[in-house]
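Residue numbers (our numbering): 11 to 374. Glycine included, each C-beta is placed from N, C-alpha and C at the ideal position.
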Ligand code: NAD
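Given below as structure tokens:
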């Protein structure tokens, strides 16, 4: 049966980069036999303008019915004066909550061709390929009690609660181990077990889950050391799994090792492998409508979708090879172009990926 993909272009550069991703999906469908149906709906500011809400019920219903969701980006200055309950970002949060997307996958990949884009020395980062698995619906961002109270003395006291159940830790660790099985078979679980009891339990559960994956080497690292190691010697990592807050910080740090925000995809998965896929960047209002945005983060999000939700690893590998072939050929959008070189536009980059796909990864 065909897999259903819901396309949500969103705002700003969202529709431009999504157009290129759709071209790629259409090519995989028409030329390589990928069995998919694509539907499209509104989200973010575009949805607010059309329907008065950033996540209309019709969009959420379609997202629930789909096997995977591909999102461009949401937001922009136009909608900033709106009440927070109807700002474009609420559409994104509503999708994550409504679909139960508890596992956030953020790869930090630096194509060797782009090693100069990083602020770190090329030999430290060239060929970097880390997958950070961040727990997305629990931990200190959601724990109760939380708030700010005024003490009898008149001084205010702010508090949040770091809380995880064993089952929450178990399921996110299993996501990480399953991914590691398809990659380098190494998982580093990041915690602060020397200080926080909750993450001492995290470490115990991670170890227990690890026993079910004898082919995967499990290591543990304190979060402060992990931050240091990410900058010192990032290529030591294969898959990292960690809490919501630690993952929030470490994944941004890892993303910036690559120096190219227009290249990085992400996935957020539910318990059954259904996912929402999106580039890590935002709607880039400063370049929207100019046809210069880099579509590769979105196209690489399609590759993640193929691998993690559509059970089509062969198509994913084909697409990643096509992106690599295009970079080999020297094509660069403005964000990754070397000073003085002539960048290509959004559509030209998308067309080049399609051409590389058709040439099965080899571009003449
Ligand atoms: P941004 O990621 O949109 O842009 C940051 C910088 O990176 C800008 O200079 C932009 O031109 C550049 N950039 C981003 N994507 C690019 C691409 N594909 N190709 C070339 N250059 C690219 O972040 P921002 O400026 O802080 O936010 C802009 C809007 O996006 C805000 O409304 C914000 O709330 C929203 N936002 C949305 C998401 C999302 O939809 N997931 C994520 C982050 C920010």
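Query: For residue 296, is the beta carbon positioned less than 8 Å from some heavy atom of the ligand NAD?; Result: yes
Query: On the DSSP bridge list, what partners appear for residue 169?; Result: 157
Query: Starting from residue 74, trace the alpha helix (DSSP H) both ways and give me its first and last residue.; Result: 67–75
Query: How would you call residue 190, buried or exposed, if buried means at least 16 neighbouring beta carbons within 10 angstroms?; Result: buried
Query: If you follow the beta strand (DSSP E) that residue 200 is part of, which residue opens it and which one closes it?; Result: 196–201
Query: Closest by CA to residue 206, which one among 182, 120, 232, 216?; Result: 232
Query: Compare the C-alpha of residue 272 against each of 308, 244, 260 and name the closest.; Result: 308
Query: Considering only C-alpha positions, which residue in the set 287, 14, 28 is nearest to residue 117?; Result: 287
Query: My parser needs the alpha helix (DSSP H) runs of 4 or more residues fully inside the stretch 240–317; what are they?; Result: 254–268
Query: With distances taken from CA atoms, which of 317, 268, 278, 225 is nearest residue 130?; Result: 268
Query: For residue 228, I'd like the list of residues in its chain whose CB is within less than 6 Å of its CB, leaving aside the five on either flank, ordered along the chain.; Result: 197, 220
Query: Do residue 186 and residue 250 count as a contact pair if the criterion is CB distance below 9 Å?; Result: yes
Query: According to DSSP, is residue 50 helix, strand or coil?; Result: strand
Query: Please confirm whether residue 339 and residue 38 have their CB atoms less than 9 Å apart.; Result: no
Query: Counting pairs of Cβ atoms below 8 Å between the stretch 288–306 and the stretch 147–158, do you hit three or more?; Result: no
Query: Using three-state DSSP, classify residue 11 as helix, strand or coil.; Result: coil
Query: Hey, is residue 336 close to the ligand NAD, as in C-beta under 8 Å from one of its heavy atoms?; Result: no
Query: Taking 8 Å as the cut-off, is the C-beta of residue 344 nearer than that to any heavy atom in the ligand NAD?; Result: yes
Query: Looking at C-beta atoms only, is the number of pairs between the stretch 134–146 and the stretch 318–332 that lie closer than 8 Å three or more?; Result: no
Query: Would you identify the three-state DSSP class for residue 124, choosing helix, strand or coil?; Result: helix
Query: According to DSSP, residue 18 sits in a beta bridge with which residue or residues?; Result: 81
Query: Give the secondary structure of residue 27 by DSSP, where H, G and I count as helix, E and B as strand, and everything else as coil.; Result: helix
Query: Among residues of its own chain, excluding the 5 on either side of residue 100, which ones have a beta-carbon nearer than 8 Å to its beta-carbon?; Result: 64, 65, 94
Query: For residue 49 and residue 312, what's the separation of their Cα atoms in angstroms?; Result: 15 Å
Query: Taking DSSP as the reference, what is the three-state secondary structure of residue 325?; Result: helix
Query: Does the stretch 40–58 come close enough to the stretch 13–20 to have 3 or more Cβ pairs within less than 8 Å?; Result: yes
Query: By Cβ distance, which residues of its chain are closer than 6 Å to residue 314, with the 5 residues on each side in sequence left out?; Result: 275, 277, 287
Query: Between residue 261 and the ligand NAD, is there a pair consisting of the residue's CB and a ligand heavy atom that are separated by less than 8 Å?; Result: no
Query: Could you tell me whether the stretch 331–350 touches the stretch 66–85, using the rule of 3 or more Cβ pairs below 8 Å?; Result: no
Query: If you follow the beta strand (DSSP E) that residue 139 is part of, which residue opens it and which one closes it?; Result: 139–145
Query: Reducing DSSP to helix, strand and coil, say where residue 113 ends up.; Result: strand
Query: For the candidate residues 14, 32, 302, whose alpha-carbon lies nearest to that of residue 72?; Result: 14
Query: For residue 173 and residue 208, what's the separation of their Cα atoms in angstroms?; Result: 7 Å
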